[in-house]
Amino acid sequence: MQTEKMMILKMLEEGKINAEEASRLLAADGSPKPRPAPTPSSGHIPNSQIPPSSSGSSAPGSSVDTMTAKFGAFMKDMEPKLQKAGKFVVEKTAGAADYVSKSLASRTPHDAPKPSYQTSPAPPPHPASPSSGIEEVVEIKVAQGGAELNLTGLNGNVLIKGYNGDKISAKIFTVAKRAGAKARLDALGNKYYLSFDENDFERVCIDAFVPEAMFDNIKAATNNGDLSVSTVTTHFLHAENINGNSEIDGVSAHNLTVEASNGRLDVKNSSAQVAHIENFNGPVNISKIDIADMKASTFNGSMDLQVAAFNNHDNYRWHAETSNGKMNVLLPTYATLGYHIKAHAALDAVKLGLVSMNYIRNDKSFVEAQSGNFDSCMKKVVMELSTSNAPLIVN
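This is how it looks when you write it as structure tokens:
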């Protein structure tokens with residue numbers, strides 16, 4: 012019976028069946044149906060709740076029934092993201108050019124850093140498309156007070172770097188489907204954005220230097236290319252990438268949201284009050300951050316979480332989760348810092364290497380422990396960590 016359940020779960024993981032079909036097969040097998048996951052309000056992967064064991068204990072177990080419910084809820088939440096990723100792949104990958112012009116436009120700004128555009132591998136060119144695109148350097152002055160920035164690309168890189176100035180200085184590279192099509196850097200009131208009709212283009216890339224602290228709201232997005240946002244201070248930052256590597260570096264935000272898939276995701280040297288970080292089909296590397304409330308997850312990838320210090324807040328609450336990938340967590344220790352850690356490796360083992368911890372539970376796959384001086388510590392960190400099919404290590 013257990014073998015049949017594992018076969019159904021493996022088919023679901025490999026994409027041979029969907030969550031609904033898996034649920035019917037499990038029901039026919041006599042297994043309980045997975046609980047549906049609540050619909051997320053913010054678009055991020057919700058914290059999976061592990062059902063209590065048959066003995067009535069509230070601590071997570073490692074049974075196949077537990078994994079069935081958890082995986083079913085996870086896949087239900089991932090379904091709209093899979094549909095979105097599929098739509099991009101079908102609609103956007105065909106026909107992009109494989110050659111990027113190396114010449115600079117004649118209008119190079121003198122009072123802003125010079126963009127350093129780097130190309131990413133492009134899909135094979137469409138027979139009807141030109142063999143090269145158009146590259147243009149543009150600039151626009153940003154007015155003071157509550158500005159918003161939205162730079163969204165198509166089948167290529169979106170690179171944003173903050174500097175100490177008051178102008179957006181950008182290099183825009185395009186491959187058009189029709190003559191006369193143009194992508195522009197526009198302003199409407201206090202909103203600054205890259206404007207184009209995606210039906211007119213095979214590819215739109217932008218490499219932009221922007222004022223580092225003049226935008227209250229920044230959105231950066233692309234597909235089939237790299238995404239990078241660095242050295243900016245803002246209230247809200249939303250970064251989204253499909254089929255490419257993503258990097259957030261040197262960002263300070265009140266609310267940070269990063270959604271990526273089919274590539275590596277790096278978040279480093281950054282701070283926030285609240286952060287939602289998720290990746291699908293790729294590793295997540297998080298280092299040198301200071302975030303009070305963080306939720307980080309990856310599906311089909313590993314996670315490395317390295318923290319140098321907890322400086323900006325007195326209380327931290329983190330939830331980190333991987334599926335089909337190991338998790339390594341490296342934490343600082345000092346007298347005024349206390350931890351309460353719950354770590355669960357559903358089908359593997361947990362290793363907790365922190366010293367001076369009092370263990371509430373210490374099993375092979377589930378550990379709950381708290382620093383001996385937790386109640387008197389000036390800074391408190393509460394962490395919930397979980398993996399499936401891979402080990403979980405905290406040092």
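Residues are numbered in the working numbering as their position in the sequence shown, beginning at 1, plus a constant of 11.
Note that CB positions come from ideal geometry on N, CA and C, so glycine has one too.
task = Express the C-alpha separation of LEU165 and THR9 in angstroms, rounding to a whole number.
result = No answer is possible for residue 9: the residues shown for the chain start at 12 and end at 406.
task = Could you check if ILE371 is buried or exposed, using at least 16 other CB atoms within 10 Å of its CB as the buried criterion?
result = Here residue 371 is taken as the residue at index 360 of the sequence shown, counted from 1. Exposed, since its Cβ has fewer than 16 Cβ neighbours within 10 Å.
key: Whole runs of the beta strand (DSSP E) within the segment 310-393, excluding any shorter than 3 residues   = 314-317, 326-334, 338-341, 348-356, 361-363, 368-373, 377-382
request  = Thinking VAL169 and GLY236 are a contact (beta carbons under 8 Å), I'd like their distance in whole angstroms, please.
outcome  = Locating residue 169 in the sequence shown gives position 158, counting from the first residue. Locating residue 236 in the sequence shown gives position 225, counting from the first residue. Yes, they are in contact, since the Cβ atoms of VAL169 and GLY236 sit about 7 Å apart, within 8 Å.
task = Using 10 angstroms around the beta-carbon of ARG214, count the other beta-carbons present and answer buried if the total reaches 16, otherwise exposed.
result = Counting from one through the sequence shown, the residue named residue 214 turns up at place 203. ARG214 comes out buried.
query = Is the number of C-beta pairs between the segment 280-295 and the segment 254-268 that are closer than 8 Å three or more?
reply = yes
ask   = CA-CA distance, ASN161 and VAL262?
value = Counted from its first residue, the sequence shown places residue 161 at position 150. Counted from its first residue, the sequence shown places residue 262 at position 251. Spanning the two alpha carbons is a distance of roughly 16 Å.
inquiry  = For TYR128 and ASN228, what's the separation of their Cα atoms in angstroms?
reply    = Numbered from its first residue, the sequence shown carries residue 128 at position 117. Numbered from its first residue, the sequence shown carries residue 228 at position 217. Residue placement at TYR128 cannot be trusted, given a pLDDT of 36 that sits under 50; the coordinates are not used to answer.
task = Tell me whether the beta-carbon of LEU316 lies closer than 7 Å to the beta-carbon of VAL361.
result = As a position in the sequence shown, residue 316 is number 305, starting the count at 1. As a position in the sequence shown, residue 361 is number 350, starting the count at 1. No, Cβ-Cβ distance for LEU316 and VAL361 is not below 7 Å.
message = I'd like the ranges of any beta strand (DSSP E) spanning at least 3 consecutive residues and lying wholly in the segment 166-197.
response = 169-174, 178-187
ask   = Nearest-angstrom Cα distance between ILE151 and LEU196?
value = Start at 1 with the first residue of the sequence shown, and residue 151 comes out as number 140. Start at 1 with the first residue of the sequence shown, and residue 196 comes out as number 185. Answer to the nearest angstrom: the Cα atoms are 8 Å apart.
ask   = In its own chain, which residues sit with a C-beta less than 6 Å from the C-beta of ASN256, not counting the 5 before and 5 after it?
value = Position 245 of the sequence shown, counted from the first residue, corresponds to residue 256. Correct list, in chain order: ASP237, GLY274, ARG275.
message = Check this for me: beta carbons of THR333 and THR309, under 7 Å apart or not?
response = If you number the sequence shown from 1, residue 333 lands on position 322. If you number the sequence shown from 1, residue 309 lands on position 298. Closer than 7 Å, so yes.
message = On the criterion of 16 or more Cβ atoms from any shown chain inside 10 Å, does GLY144 qualify as buried, or is it exposed?
response = Position 133 of the sequence shown holds residue 144. When all chains shown are included, GLY144 counts as buried.
task = Using only alpha-carbon positions, find the residue among ALA320, PHE321, GLY156, SER397 that is nearest to ASN339.
result = Within the sequence shown, numbered from 1, the residue matching residue 339 stands at position 328. It is SER397.
request  = Given a cut-off of 7 Å, decide if ASN311 and ASN323 are closer than it, judged by their beta-carbon atoms.
outcome  = Here residue 323 corresponds to residue number 312 of the sequence shown, with the count starting at 1. Here residue 311 corresponds to residue number 300 of the sequence shown, with the count starting at 1. For ASN323 and ASN311, no; Cβs fall outside 7 Å.
message = My output table needs one value for MET225: the three-state DSSP class, helix, strand or coil.
response = Position 214 of the sequence shown holds residue 225. In the structure shown, MET225 sits in coil (DSSP, three-state: anything other than H, G, I, E or B).
key: Buried versus exposed call for PHE306 [16 or more other C-beta atoms within 10 Å across all chains shown]   = Locating residue 306 in the sequence shown gives position 295, counting from the first residue. The question names Phe, yet the displayed sequence has Lys at residue 306. Per the 10 Å Cβ criterion, buried.
ask   = Do ALA219 and ALA271 have their C-beta atoms within less than 7 Å of each other?
value = Against the sequence shown, residue 219 aligns to sequence position 208. Against the sequence shown, residue 271 aligns to sequence position 260. Not in contact: ALA219 and ALA271 (Cβ atoms no closer than 7 Å).
Distance between beta carbons of LEU358 and VAL405, contact taken as under 8 Å = Here residue 405 refers to the residue found at position 394 when the sequence shown is read from its first residue. Here residue 358 refers to the residue found at position 347 when the sequence shown is read from its first residue. The pair is not a contact, with the Cβ atoms about 18 Å apart (cut-off 8 Å).
request  = Return helix, strand or coil for ALA232, following the three-state DSSP convention.
outcome  = In the sequence shown, counting from the first residue as 1, residue 232 sits at position 221. Strand at ALA232.
task = Can you give me the start and stop residues for the beta strand (DSSP E) that GLN284 sits inside?
result = Here residue 284 refers to the residue found at position 273 when the sequence shown is read from its first residue. GLN284 -> beta strand (DSSP E) spans 282-291.
ask   = Where does ILE19 sit, in a helix, a strand or coil, going by DSSP?
value = Position 8 of the sequence shown holds residue 19. Three-state result, ILE19: helix.
task = Within 10 angstroms of the Cβ of SER206, are there 16 or more other Cβ atoms? Answer buried if so, exposed if not.
result = Locating residue 206 in the sequence shown gives position 195, where the first residue counts as 1. That one is exposed.
query = What is the DSSP secondary structure of ARG35, counted as helix, strand or coil?
reply = Taking the sequence shown and counting its residues from 1, one reaches residue 35 at position 24. In the structure shown, ARG35 sits in a helix (DSSP, three-state: H, G or I).
ask   = What whole-angstrom Cβ distance do GLU223 and GLY173 have, given they're in contact under 8 Å?
value = The sequence position of residue 223 within the sequence shown is 212, counting from 1. The sequence position of residue 173 within the sequence shown is 162, counting from 1. Yes, they are in contact, since the Cβ atoms of GLU223 and GLY173 sit about 3 Å apart, within 8 Å.
inquiry  = So the candidates are ASN384, LEU365, PHE385, LYS353; which of them puts its Cα closest to the Cα of SER376?
reply    = For the purposes of this step, residue 376 is identified with residue 365 of the sequence shown, where counting begins at 1. For the residues ASN384, LEU365, PHE385, LYS353, the minimum Cα distance to SER376 belongs to LYS353.
request  = Determine the DSSP secondary structure at ASN266, reduced to helix, strand or coil.
outcome  = Counted from its first residue, the sequence shown places residue 266 at position 255. It is a strand residue.
request  = Please name the residue, chosen from ALA319, LEU365, ILE259, PHE385, that lies closest to ASP378 on a Cα-to-Cα basis.
outcome  = Start at 1 with the first residue of the sequence shown, and residue 378 comes out as number 367. Reading the sequence as shown, one finds Val at residue 378 and not Asp. It is LEU365 whose Cα lies nearest to the Cα of VAL378.
request  = Throw me the rounded Cβ distance for the SER382 and GLY349 pair, which I believe falls under 8 Å.
outcome  = Residue 382 sits at position 371 when you count from the first residue of the sequence shown. Residue 349 sits at position 338 when you count from the first residue of the sequence shown. With a Cβ gap of about 4 Å, SER382 and GLY349 count as contacting.
inquiry  = Suppose the cutoff is 6 Å on Cβ atoms and the five residues either side in sequence are ignored; what does the same chain contact list for VAL393 look like?
reply    = Residue mapping note: residue 393 aligns to position 382 of the sequence shown, counting from 1. So the list reads ARG328, HIS351, once near-sequence residues are dropped.
message = Checking the sheet assignment: what are the DSSP bridge partners for GLU159?
response = Taking the sequence shown and counting its residues from 1, the one referred to as residue 159 is at position 148. Answer by DSSP bridge pairing, in chain order: LYS202, ASN228.
ask   = Looking at C-alpha atoms only, which residue of GLU258, LYS193, ILE288, GLU209 is the closest neighbour of ILE171?
value = Here the question's residue 171 lines up with position 160 in the sequence shown. It is GLU258.
request  = List the whole-angstrom C-beta distance separating ALA250 from VAL240, where the pair is believed to meet the contact cut-off of C-beta under 8 Å.
outcome  = Residue 250 sits at position 239 when you count from the first residue of the sequence shown. Residue 240 sits at position 229 when you count from the first residue of the sequence shown. Sure, about 6 Å apart at Cβ, within 8 Å.
Spatial neighbours of PHE247 in its chain, beta-carbon cut-off 6 Å, leaving aside the 5 residues before and after = On the sequence shown, residue 247 is found 236 positions in, with the first residue counted as 1. Closer than 6 Å at the Cβ level, and outside the excluded window around PHE247, lie ASN228, ASN266.
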